[in-house]
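A short write-up of the structure that comes next.
In structure tokens:
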């Protein structure tokens, strides 16, 4: 964006350029948002060593083998790591597909609610039910009705991730000022023009806030789905349960680590996307 | 300039009153006529219904009594706040109005560029509102209002939030645009000197319910020099307006 940095020479003296903040490259944004998380992971590892060697007596150390041993055993054994990565990939696919569906349904749902008062009255209670219903009670039902396949797992992820998408988008669609609406009214904007040129663009930052939350929840949804659906090809959540039953601590700890990393990467990716898109949207990066 | 029936009038208010559903009487019995080339300012204490007057004139709200007749083919409105769409650049903000009216992309881009040049923002066409100063944002807002070549332009205290220096500059700028475009202007303000400097007619409103309590003609030809503000005649006229305000607030 070099044109931002060079004000033209023909300016009237009254107009002072506001210095545009330099745009930082995406990798720096990624680094900035992931560095604290990396630091937190290091902290967890330190705590882990501390518990293993300083808290647990030697006879109980099998309950929490140190990180190098846990990862060493799991990663060096192709019979453990192979199925684990396959299962992880299955869960990632569920989370991504679930998130995409939740985003589409959520934006559509919120848009319909924001456009018509009666639609809000009818649809809002469903959104609230979606939020308050104990998903753990619902998951076995979904299994019974839909089987234990990909579709059922995606459904669980969608149900968990949907609400923040609806509520944030709905809030965003109503964030345009009264004066901006007057501007549309005075220029005889159609309902469609008002939606596309005012309400929707005004909602973009809130949509991204919703997307970030929904991304984290989609991961949880995918793992919860796996965890309950023991039948069918295992996801990482299914393996967590298997490892727990077998008390194979090394594999369990490695799998937990993978799910945590998966969540962190997913969340970070959307945080970076958020800053990039919303920053560009408003012509600057950084503070909102 | 009190003739009510006139073919060339852009805006005619006749005995207009506004009572809100809450029972608050915002305006009562306001009559005024605006023709192209008229620049009328309305001063009054805060909460006297000045903004309501503008909302009635623009059609954003309906009068409870009396009649509002707008014969202008195009009306524009400048808000208290610049009310720019933050995700659009300065140029795209100006383009919004012709865009909503279905003007082709090429034509509206040309017009927006012309308007931005007119308000001295050519180099800032591709900046977002957030990157502009308060005065520059208001210039964009005025450019957007005037891009559709309105016959009638309504201003709702547009310079109220600006610092004094910028405010004086903007008054001069607006006057230049008025001389150039010759629309009918109705300008709400609570600054007496702004009212006198800009207009050829100052209407003084009383406190709620708002009525017009004084109608003061301003004689000087346009364009007026900024130094006019320091002259004795200017002081006399602002004195008359202030006096009318003081008697009725």
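Protein chains in written order, with our numbering: chain A, 1 to 288; chain B, 1001 to 1249.
The beta-carbon is built from N, C-alpha and C at its ideal position, and this holds for glycine as well.
Predicted model, so just to flag it, every value in this text is computed and none were measured.
Return the CA-CA distance between residue i and residue j, expressed in angstroms with no decimal places.
i	j	result
residue 1234 (chain B)	residue 1196 (chain B)	8 angstroms
residue 105 (chain A)	residue 120 (chain A)	15 angstroms
residue 1095 (chain B)	residue 1107 (chain B)	10 angstroms
residue 959 (chain B)	residue 280 (chain A)	Chain B is shown only over 1001 to 1249; residue 959 (chain B) falls outside these bounds and no answer can be derived.
residue 137 (chain A)	residue 113 (chain A)	28 angstroms
residue 1111 (chain B)	residue 1066 (chain B)	38 angstroms
residue 57 (chain A)	residue 66 (chain A)	13 angstroms
residue 1099 (chain B)	residue 1229 (chain B)	39 angstroms
residue 81 (chain A)	residue 75 (chain A)	6 angstroms
residue 1132 (chain B)	residue 1247 (chain B)	41 angstroms
residue 1144 (chain B)	residue 1137 (chain B)	11 angstroms
residue 195 (chain A)	residue 64 (chain A)	55 angstroms
residue 1092 (chain B)	residue 79 (chain A)	60 angstroms
residue 1167 (chain B)	residue 1135 (chain B)	8 angstroms
residue 285 (chain A)	residue 1172 (chain B)	Residue confidence is low: residue 285 (chain A) scores 44 on pLDDT, short of 50, so the model does not pin down where it sits. No coordinate-derived value is stated.
residue 185 (chain A)	residue 1060 (chain B)	8 angstroms
residue 1200 (chain B)	residue 1147 (chain B)	24 angstroms
residue 155 (chain A)	residue 267 (chain A)	20 angstroms
residue 39 (chain A)	residue 73 (chain A)	25 angstroms
residue 1223 (chain B)	residue 1180 (chain B)	10 angstroms
residue 99 (chain A)	residue 252 (chain A)	26 angstroms
residue 60 (chain A)	residue 71 (chain A)	19 angstroms
residue 292 (chain A)	residue 123 (chain A)	This structure does not reach residue 292 (chain A), given that chain A is present from 1 up to 288, and the question cannot be answered.
residue 178 (chain A)	residue 191 (chain A)	15 angstroms
residue 1191 (chain B)	residue 107 (chain A)	46 angstroms
residue 1252 (chain B)	residue 208 (chain A)	With chain B represented from 1001 up to 1249, any question about residue 1252 (chain B) goes unanswered, as that position is not in the structure.
Name the one or two DSSP bridge partners that residue i has.
i	result
residue 1069 (chain B)	B:1012
residue 1255 (chain B)	Given a span of 1001 to 1249 for chain B in the structure shown, any question on residue 1255 (chain B) remains unanswerable.
residue 1216 (chain B)	B:1202
residue 1034 (chain B)	B:1011
residue 1018 (chain B)	B:1027
residue 1210 (chain B)	B:1027
Quick one: list the residues of chain A neighbouring residue i, beta-carbon separation under 7 angstroms, in chain order.
i	result
residue 1086 (chain B)	282
residue 1278 (chain B)	No information on residue 1278 (chain B) is available, as it lies outside the stretch 1001 to 1249 that chain B covers here.
residue 1077 (chain B)	186
Mind listing the chain A neighbours of residue i? Cutoff is C-beta to C-beta under 8 angstroms, in chain order.
i	result
residue 1081 (chain B)	177 and 179
residue 1100 (chain B)	184, 187, 188, 189, 193 and 197
Find the residues of chain A that neighbour residue i, judging by a C-beta separation of less than 9 angstroms, and give them in chain order.
i	result
residue 1046 (chain B)	Within chain A, no residue comes near residue 1046 (chain B); the closest Cβ sits about 18 angstroms away, beyond 9 angstroms.
residue 1060 (chain B)	182, 185 and 186
residue 1197 (chain B)	Going along chain A, no residue has its Cβ under 9 angstroms from residue 1197 (chain B), so there is no contact; the nearest lies around 17 angstroms.
Please list the partners that residue i has in chain B, where partner means a Cβ-to-Cβ separation under 9 angstroms.
i	result
residue 201 (chain A)	1085, 1086, 1087 and 1088
Examine the ligand GTP and report whether any of its heavy atoms sits within less than 6 angstroms of the Cβ of residue i.
i	result
residue 162 (chain A)	This structure does not include the ligand GTP; it has no bound ligands of any sort.
Problem set entry | Complete alpha helix (DSSP H) runs within the region 1068-1101 of chain B (minimum length 4 residues, chain order) | Taking only runs of at least 4 residues, the alpha helix (DSSP H) segments lying wholly in the region 1068-1101 of chain B are 1090-1100.
Exercise. Touch check for the region 1016-1036 of chain B and the region 1178-1193 of chain B: three-plus C-beta pairs under 8 angstroms?
Worked result: Verdict: yes, contact present.
For this session: Answer yes if the region 87-103 of chain A comes into contact with the region 259-271 of chain A, meaning at least three C-beta pairs across the two stretches below 8 angstroms, and no otherwise.
Result: Judged by Cβ distances under 8 angstroms, the region 259-271 of chain A makes contact with the region 87-103 of chain A, as three or more pairs qualify.
Exercise. Quick check: the region 1222-1241 of chain B against the region 1193-1208 of chain B, are there 3 or more CB pairs under 8 angstroms?
Worked result: Taking 8 angstroms as the limit for Cβ pairs, the verdict is that the region 1193-1208 of chain B does touch the region 1222-1241 of chain B.
Exercise. Taking one C-beta from the region 1067-1077 of chain B and one from the region 1164-1176 of chain B each time, how about it: are there three or more such pairs within less than 8 angstroms?
Worked result: In short, these stretches do not touch, since the Cβ pair count stays below three.
Exercise. Using 8 angstroms as the Cβ pair cut-off and three pairs as the minimum, do the region 1045-1060 of chain B and the region 1008-1027 of chain B touch?
Worked result: Short answer: they touch.
Exercise. Are the region 1202-1221 of chain B and the region 1039-1049 of chain B in contact at 8 angstroms, needing three or more beta carbon pairs?
Worked result: Taking 8 angstroms as the limit for Cβ pairs, the verdict is that the region 1039-1049 of chain B does touch the region 1202-1221 of chain B.
Exercise. Of all the alpha helix (DSSP H) runs that stay within the bounds of the region 156-188 of chain A, which reach a length of 4 or more residues?
Worked result: Annotation note: the region 156-188 of chain A contains the following uninterrupted alpha helix (DSSP H) runs of length 4 or greater, listed N- to C-terminal: 178-186.
Exercise. Is the number of C-beta pairs between the region 163-173 of chain A and the region 213-220 of chain A that are closer than 8 angstroms three or more?
Worked result: Yes: the two stretches touch, three or more of their Cβ pairs being nearer than 8 angstroms.
For this session: Determine, using beta-carbon pairs with one atom in the region 222-237 of chain A and one in the region 133-148 of chain A, whether at least three such pairs fall under 8 angstroms.
Result: With the cut-off at 8 angstroms, the region 222-237 of chain A and the region 133-148 of chain A touch.
For this session: Say whether the region 1154-1162 of chain B touches the region 1075-1086 of chain B, bearing in mind that this needs 3 or more beta-carbon pairs closer than 8 angstroms, one atom from each stretch.
Result: Touching, yes, given that three or more Cβ pairs across the two stretches are closer than 8 angstroms.
Problem set entry | Inter-stretch contact (C-beta, 8 angstroms, three-pair minimum) for the region 117-135 of chain A and the region 1010-1025 of chain B | No contact exists between the region 117-135 of chain A and the region 1010-1025 of chain B.
Exercise. Which runs of the alpha helix (DSSP H) fall wholly inside the region 176-255 of chain A and span at least 4 residues, in chain order?
Worked result: Correct list: 178-186, 191-194, 200-228 and 236-246.
For this session: Count the C-beta pairs between the region 203-210 of chain A and the region 165-182 of chain A that are closer than 8 angstroms, then say yes if the count reaches three, no if not.
Result: Taking 8 angstroms as the limit for Cβ pairs, the verdict is that the region 165-182 of chain A does touch the region 203-210 of chain A.
Exercise. Fully enclosed by the region 1121-1180 of chain B, which alpha helix (DSSP H) runs are 4 residues long or longer?
Worked result: As for any alpha helix (DSSP H) of minimum length 4 sitting wholly inside the region 1121-1180 of chain B, the runs are 1134-1146, ordered along the chain.
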